[in-house]
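Numbering (my numbering), first residue to last: 46 to 203.
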């Protein structure tokens with residue numbers, strides 16, 4: 046199941062469980078995980094993209110190892126909310142990932158996620174090189190935090 050509806054996503058996960066957040070880029074995939082009680086998200090590593098099949102296998106292995114119950118994937122919409130080529134690419138990758146891992150997927154609006162993370166890192170006086178290393182994983186955590194807040198607002202978190 047792939048949806049943009051947080052309530053439908055939560056209904057597909059009645060026992061909650063750990064979530065994996067993804068910020069899918071053209072060269073990297075930022076990764077973040079949520080606690081099993083959906084209270085907080087933690088930035089993980091950034092996966093360097095290679096071949097699509099290898100990317101899917103790496104994500105599938107991580108999902109199995111971390112006992113992931115659902116995925117939250119950042120959806121790169123245009124500022125007016127319309128789809129772009131990147132949006133269509135991420136949707137296609139979500140469909141492939143859904144087949145590979147068989148978990149429910151929530152597509153979450155990621156507009157401004159990278160900009161918000163960049164601003165926070167600049168405010169913390171993090172060097173440009175260090176920002177480049179962490180921005181994708183932190184953007185994935187930002188995306189996942191947004192989804193967790195929505196799930197909590199719906200009454201789907203303790």
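Virtual Cβ for every residue (Gly too), placed ideally from N, Cα, C.
| Asked | Found |
| --- | --- |
| Can you find the residues in the same chain that come closer than 8 Å, C-beta to C-beta, to residue 90, ignoring five residues on each side of it along the sequence? | 76 and 182 |
| Please name the residue, chosen from 126, 121, 191 and 115, that lies closest to residue 143 on a Cα-to-Cα basis. | 115 |
| Are the beta-carbon atoms belonging to residue 196 and residue 55 less than 8 Å from one another? | yes |
| How far does the beta strand (DSSP E) with residue 78 in it extend, from its first residue to its last? | 73-79 |
| Report the three-state DSSP secondary structure of residue 111 (helix, strand or coil). | coil |
| Under the assumption that residue 92 contacts residue 106 (Cβ atoms under 8 Å), give the Cβ distance between them as a whole number of angstroms. | Actually they do not touch by this definition, with Cβ atoms about 11 Å apart. |
| Pop quiz: residue 52 and residue 199 are said to be a contact at Cβ under 8 Å. What is the actual Cβ separation, rounded to whole angstroms? | 5 Å |
| When the Cα of residue 118 is compared with those of 150, 59, 84 and 133, which residue comes out closest? | 150 |
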